[in-house]
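Residue 149 in our numbering sits at position 149 of the sequence shown, and the numbers go up by one each step.
Virtual Cβ for every residue (Gly too), placed ideally from N, Cα, C.
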Amino acid sequence: MKMKNILKYILILGLVFNTVSCDDDPDNAIYTVLDYEKGAVLRTIEVINASLNSSDPTSTFAVTVEEQDELDGGLMESVDIYVSLRDLTSDNGTSDPNRSLVKTVPASDFTEGPVGLPRATLTATFGEAISAMGITDSEYTAGDVFIFELVLNLTDGRSLGPESSSGVLTGVFFKAPFQYNALLTCSPEPGDYTVRMFDSYGDGWQTDCGNGGSGITIVLDSTTLEVGLCSPYGGCNSGAFLDESQGGCTPNDGYEGVATVTIPEGTVSAEWNFPGDNYGEIRFEVYAPNGDLVYDSGDFGEQASGLLPITVCAQ
Numbered sequence: 001m002k003m004k005n006i007l008k009y010i011l012i013l014g015l016v017f018n019t020v021s022c023d024d025d026p027d028n029a030i031y032t033v034l035d036y037e038k039g040a041v042l043r044t045i046e047v048i049n050a051s052l053n054s055s056d057p058t059s060t061f062a063v064t065v066e067e068q069d070e071l072d073g074g075l076m077e078s079v080d081i082y083v084s085l086r087d088l089t090s091d092n093g094t095s096d097p098n099r100s101l102v103k104t105v106p107a108s109d110f111t112e113g114p115v116g117l118p119r120a121t122l123t124a125t126f127g128e129a130i131s132a133m134g135i136t137d138s139e140y141t142a143g144d145v146f147i148f149e150l151v152l153n154l155t156d157g158r159s160l161g162p163e164s165s166s167g168v169l170t171g172v173f174f175k176a177p178f179q180y181n182a183l184l185t186c187s188p189e190p191g192d193y194t195v196r197m198f199d200s201y202g203d204g205w206q207t208d209c210g211n212g213g214s215g216i217t218i219v220l221d222s223t224t225l226e227v228g229l230c231s232p233y234g235g236c237n238s239g240a241f242l243d244e245s246q247g248g249c250t251p252n253d254g255y256e257g258v259a260t261v262t263i264p265e266g267t268v269s270a271e272w273n274f275p276g277d278n279y280g281e282i283r284f285e286v287y288a289p290n291g292d293l294v295y296d297s298g299d300f301g302e303q304a305s306g307l308l309p310i311t312v313c314a315q
């Protein structure tokens, strides 16, 4: 049985399970999207890049999607890419521009994927996005979010977008939200950044040696640095952070330590990531080269895992 036919059956099953949990309103968007005879989806294959460097107009948001409809792509006419700004910084106000069309990608730009369905990588540069919205550098700053929306246009005149999505379409298999967030970053100010690190229990920071968590990682273009508190009790076998002999951490008394992260001149991007704190013992502060506090993780255990909004833009 061909894989694309299997996908059809999964679509039907999705409809069956959904009708069990949803009401019978015929106007419900899920009936339009998942109806085997009439629906269509844009399934996310891979989000290649979900950040935009405001210092580089060629910085590119990119996502690979796969289209599926009752004719295995035969109904697809084009995909529109829209963008809007979610202003999360108050220094320049919080006015969000209207949703704007960036470009239209014709069906001819899609090629047959591994299961026989049309697949393409859709892109939009930072320059294209701000041009579409008609905004200037006084209306956005690092830390804001650009929201990219996809609208699938069909040959029968219908269009499907984020409003057509549902819990089923955003699940593990389909992953078809029609909408993606891209964090706005910038090229970092070069120099020495100071990271003050604390552990409330006094055993250094916990690592991913079977227990989850590790140090803060800083990705500078193609180079990755790591900082954390070494454990005074040993390395991975103890379930704690790397010890001094293994590197990547700061010697300390178990409770507090200071690390320096040097960002060289000419660095294009810097992403700070925190992997999580399984035991609720960690907090930290980050200071810019001029000594200003640019990030405080809050009380012990408050910092969630993920990308840290540390944005000190080069002048």
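Spatially closest choice to residue i from the options, by CA coordinates
i: Phe-322; options: Thr-224, Val-63, Gly-204; result: Not covered by the structure: residue 322. The range shown for the chain is 1 to 315.
i: Tyr-140; options: Asn-53, Gly-204, Pro-264, Cys-230; result: Asn-53
i: Ile-48; options: Val-102, Leu-122, Thr-267, Ser-305; result: Leu-122
i: Asp-199; options: Asn-278, Val-261, Pro-289, Thr-260; result: Asn-278
i: Gly-266; options: Thr-58, Glu-189, Glu-67, Ser-164; result: Glu-189
i: Glu-112; options: Leu-85, Val-65, Ile-135; result: Val-65
i: Asp-72; options: Arg-43, Phe-61, Thr-60, Ser-55; result: Arg-43
i: Ile-147; options: Asp-137, Thr-136, Ile-130; result: Ile-130
i: Ala-124; options: Ala-50, Trp-205, Ser-55; result: Ala-50
i: Gly-291; options: Ser-55, Glu-70, Thr-194, Ile-135; result: Thr-194
Sequence-distant residues of its chain with Cβ nearer than 6 Å to residue i (five each side left out)
i: Asp-316; result: Because residue 316 is not part of the residues shown, which for the chain are 1 to 315, the question remains open.
i: Leu-307; result: Asn-273
i: Gly-82; result: Note that residue 82 is Tyr in the sequence shown here, rather than Gly. Hits under 6 Å: Arg-99, Leu-101, Glu-149.
i: Ser-159; result: Val-151, Asn-153
i: Asp-296; result: Glu-285
i: Cys-313; result: Ala-142, Cys-186
Rounded straight-line distance, which links the Cα of residue j to that of residue i
i: Asp-156; j: Leu-75; result: 7 Å
i: Val-294; j: Leu-88; result: 16 Å
i: Asp-299; j: Pro-118; result: 49 Å
i: Leu-229; j: Glu-285; result: 13 Å
i: Gln-315; j: Asp-80; result: 35 Å
i: Ala-40; j: Val-227; result: 46 Å
i: Gln-303; j: Ile-282; result: 8 Å
i: Gly-254; j: Tyr-180; result: 41 Å
i: Phe-126; j: Pro-57; result: 5 Å
i: Asp-203; j: Asn-252; result: 10 Å
i: Met-133; j: Ser-84; result: 7 Å
i: Ala-182; j: Gly-116; result: 29 Å
i: Ser-59; j: Tyr-201; result: 42 Å
i: Gly-14; j: Pro-106; result: Because Gly-14 carries a pLDDT of 41, less than 50, the predicted location of this residue cannot be relied on, and the following value inherits that uncertainty. Using only the alpha carbons, I get a separation of about 28 Å.
i: Gly-215; j: Glu-77; result: 47 Å
i: Pro-309; j: Gly-276; result: 15 Å
i: Tyr-287; j: Asp-69; result: 52 Å
i: Pro-114; j: Glu-46; result: 14 Å
i: Ser-55; j: Ser-305; result: 26 Å
i: Thr-301; j: Trp-205; result: Residue identity check: residue 301 is Gly in the sequence provided, not Thr. Roughly 12 Å separates the two Cα atoms.
i: Thr-136; j: Glu-271; result: 24 Å
i: Pro-264; j: Phe-61; result: 25 Å
Own chain partners of residue i with C-beta closer than 7 Å, once the 5 adjacent residues on each side are dropped
i: Thr-311; result: Ala-142, Gly-143, Thr-185, Cys-186
i: Arg-86; result: Asp-96, Asp-144, Val-145, Ile-147
i: Gly-280; result: Phe-300, Gly-301
Cβ shell of residue i (< 8 Å), same chain only, five flanking positions each side left out
i: Thr-224; result: Thr-217, Ile-218
i: Thr-250; result: Met-197, Val-227, Gly-228, Leu-229, Cys-230, Gly-257, Val-258, Ala-259
For residue j and residue i, believed in contact at Cβ under 8 Å, the rounded distance
i: Gly-161; j: Pro-289; result: Between Pro-289 and Gly-161 the Cβ distance is about 44 Å, and since that is not below 8 Å, they are no contact.
i: Val-268; j: Asp-221; result: 6 Å
i: Lys-103; j: Glu-128; result: 7 Å
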